[in-house]
Amino acid sequence: MSVKISELARTCVQAIVPYASARRSMSGGASWLNANENALATDYQLSGQFNRYPSCQPAALIEGYARYAGVAPDHVLVSRGADEGIELLIRSFCEPGEDRIAICPPTYGMYAISAESNQVASVIVPLQPDTSLDVEALTQVEAKLVFICSPNNPTGDLIPRQQILAVLEHFRSNALVVVDEAYIEFAMQASVVDLLQQYPNLVILRTLSKAFALAGLRCGFTLAAPEVINALKQMIAPYPIAEPVAQIAVQALSQQGIARMQQSVATINQLRTAFSAFASELPGVSRVWPSQANFVLLQVPDAAACVSALQQQGILIRNQSAQLGLSEVVRVSIGSPDEMQALQQAMQDYFCNPGVRTPISQETTA
Ligand SMILES: *Cc1c(COP(=O)(O)O)cnc(C)c1O
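Numbered according to the numbering used here, the sequence shown spans residues 121 to 486.
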């Protein structure tokens with residue numbers, strides 16, 4: 121009798137529902153506006169040979185990001201995306217079956233998934249209807265890590281600085297407050313990086329996946345007091361950053377790379393403002409969440425129908441209706457100027473002339 125492999129897996133693995141990433145859940149389509157990527161991409165060159173193991177924390181990359189973020193190099197950890205930063209924080213600070221994290225949904229799904237896969241419970245403190253934190257409720261919670269996402273995915277707006285300060289102050293002696301700044305380049309003035317000196321319990325997550333247009337690279341950063349960074353280094357794999365990743369990330373963090381990123385952020389912010397104004401005029405769109413990121417959340421009459429109508433036009437957007445407190449909402453990532461024009465045409469058709477469908481052309485399905 122052969123063994124049933126699925127039953128060999130740990131119980132918590134059998135129970136887990138993996139993160140439904142945009143790449144995993146949808147394929148095809150010409151225009152990818154479902155994963156908050158940056159369509160304004162750049163080419164990179166690699167040099168040399170790759171026969172040697174890379175450095176665990178490549179010095180040029182750590183120094184490059186420290187310079188960019190305005191912190192000392194000993195406050196920086198580089199990891200395989202910000203997602204690995206989330207995982208390392210949970211594994212380094214939470215005792216399985218004992219400690220808990222606090223999350224404020226609707227928010228990024230990986231905090232709860234990483235916690236669950238490490239047998240760490242999540243305490244849920246929902247955001248207020250206006251998308252600000254429920255600070256009062258959060259300060260009633262006992263947790264090792266408190267995750268705050270600002271700008272928040274998928275609602276798009278910033279968490280007010282005063283609220284982050286109140287939470288940092290409250291948890292000063294007993295928990296780390298993790299502020300996920302994956303989208304901060306779209307509202308750079310709102311970063312709380314300046315609070316790192318004052319609050320040793322503050323941890324900031326950053327990534328090259330969004331504004332830097334390098335989602336395919338898998339490169340993220342954790343900014344925190346050296347004591348926190350050292351705890352994460354205890355848990356990180358020996359060679360998490362492949363040599364080609366380090367080379368490309370260093371180029372992205374050069375003066376020229378940062379200038380290019382800032383230019384694309386300016387373009388995307390303009391496209392977002394225009395798209396939000398356009399969407400708020402559409403019949404049937406009853407709410408357009410204010411956004412400080414590269415995506416916009418919309419309340420529509422039927423989210424699944426809207427996603428599928430746009431998919432038929434080769435445009436992928438994301439249904440976010442499964443998120444706590446949200447129903448019949450779609451999230452649209454801001455693409456290139458051409459993609460936004462095509463999107464607006466398709467939305468105009470869908471919301472204004474529900475009977476009429478432009479047939480999809482052969483080129484866009486290829
Ligand atoms: C995309 C995203 C991440 C993950 O970033 P990677 O560096 O690609 O792993 C983390 N947090 C939020 C809020 C995100 O939207």
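Virtual Cβ for every residue (Gly too), placed ideally from N, Cα, C.
Residues bridged to residue i [DSSP beta-bridge criterion]
i      : result
Ala241 : Arg220
Ser151 : Ile435
Arg380 : Answer by DSSP bridge pairing: none, since Arg380 is not bridged.
Ser270 : In DSSP, Ser270 forms no bridge with anything.
Arg451 : Leu417, Arg438
Leu352 : Paired residues: none, contrary to the question.
Leu444 : BP columns for Leu444 are empty, so no partner.
Leu128 : Answer is none; Leu128 lacks a bridge partner.
Leu265 : Ile221, Leu296
Assumed close pair residue i, residue j - CB separation to whole angstroms, cut-off 8 Å
i      : j      : result
Leu265 : Ala295 : 6 Å
Ile279 : Ser270 : 4 Å
Val297 : Val261 : With a Cβ gap of about 12 Å, Val297 and Val261 do not count as contacting.
Val405 : Val385 : Not quite, the Cβ-Cβ distance comes to about 25 Å (not below 8 Å), so this is no contact.
Leu463 : Ile435 : 6 Å
Leu337 : Ala369 : 7 Å
Val449 : Ser441 : 6 Å
Arg326 : Ala129 : Going by Cβ atoms, the distance from Arg326 to Ala129 rounds to 33 Å, so no, they are not a contact pair.
Gln239 : Gly217 : 5 Å
Any non-hydrogen atom of ligand 3 closer than 7 Å to residue i Cβ
i      : result
Thr251 : With respect to ligand 3, the structure shown offers nothing to examine, as its ligands consist of ligand 1.
Check your understanding: With a cut-off of 8 Å, do at least 3 Cβ pairs link the region 232-239 to the region 298-307?
Key -> Short answer: they don't touch.
>> I want to know whether the region 210-221 touches the region 339-356 - three or more CB-CB distances under 8 Å.
In response: A contact exists between the region 210-221 and the region 339-356.
(Q) Count Cβ pairs between the region 391-400 and the region 329-348 that sit closer than 8 Å; are there 3 or more? (A) In short, these stretches do not touch, since the Cβ pair count stays below three.
>> Ignoring anything shorter than 3 residues, give me the beta strand (DSSP E) runs that lie fully in the region 178-222, in order along the chain.
In response: Within the region 178-222, the complete beta strand (DSSP E) runs of at least 3 residues fall at 196-199.
Please give me, in chain order, every unbroken run of the alpha helix (DSSP H) with length at least 4 that falls completely inside the region 395-432.
The region 395-432 contains these whole alpha helix (DSSP H) runs: 423-432.
When you compare the region 454-468 with the region 242-252, are there three or more beta-carbon pairs, one atom per stretch, that lie closer than 8 Å? Output reads no: the region 242-252 does not touch the region 454-468.
Exercise. Run through the region 278-346 for me and flag every whole beta strand (DSSP E) of 3 or more residues, listed as ranges in chain order.
Key: Those beta strand (DSSP E) runs which fall completely within the region 278-346 and span 3+ residues are 296-300, 322-327, 340-344.
Three or more beta-carbon pairs under 8 Å between the region 372-381 and the region 407-416, yes or no?
Touching, no, given that fewer than three Cβ pairs across the two stretches are closer than 8 Å.
Segment contact, 8 Å Cβ cut-off, at least three pairs: the region 168-183 with the region 312-331:
Because the criterion of three Cβ pairs below 8 Å is not met, the region 168-183 and the region 312-331 do not touch.
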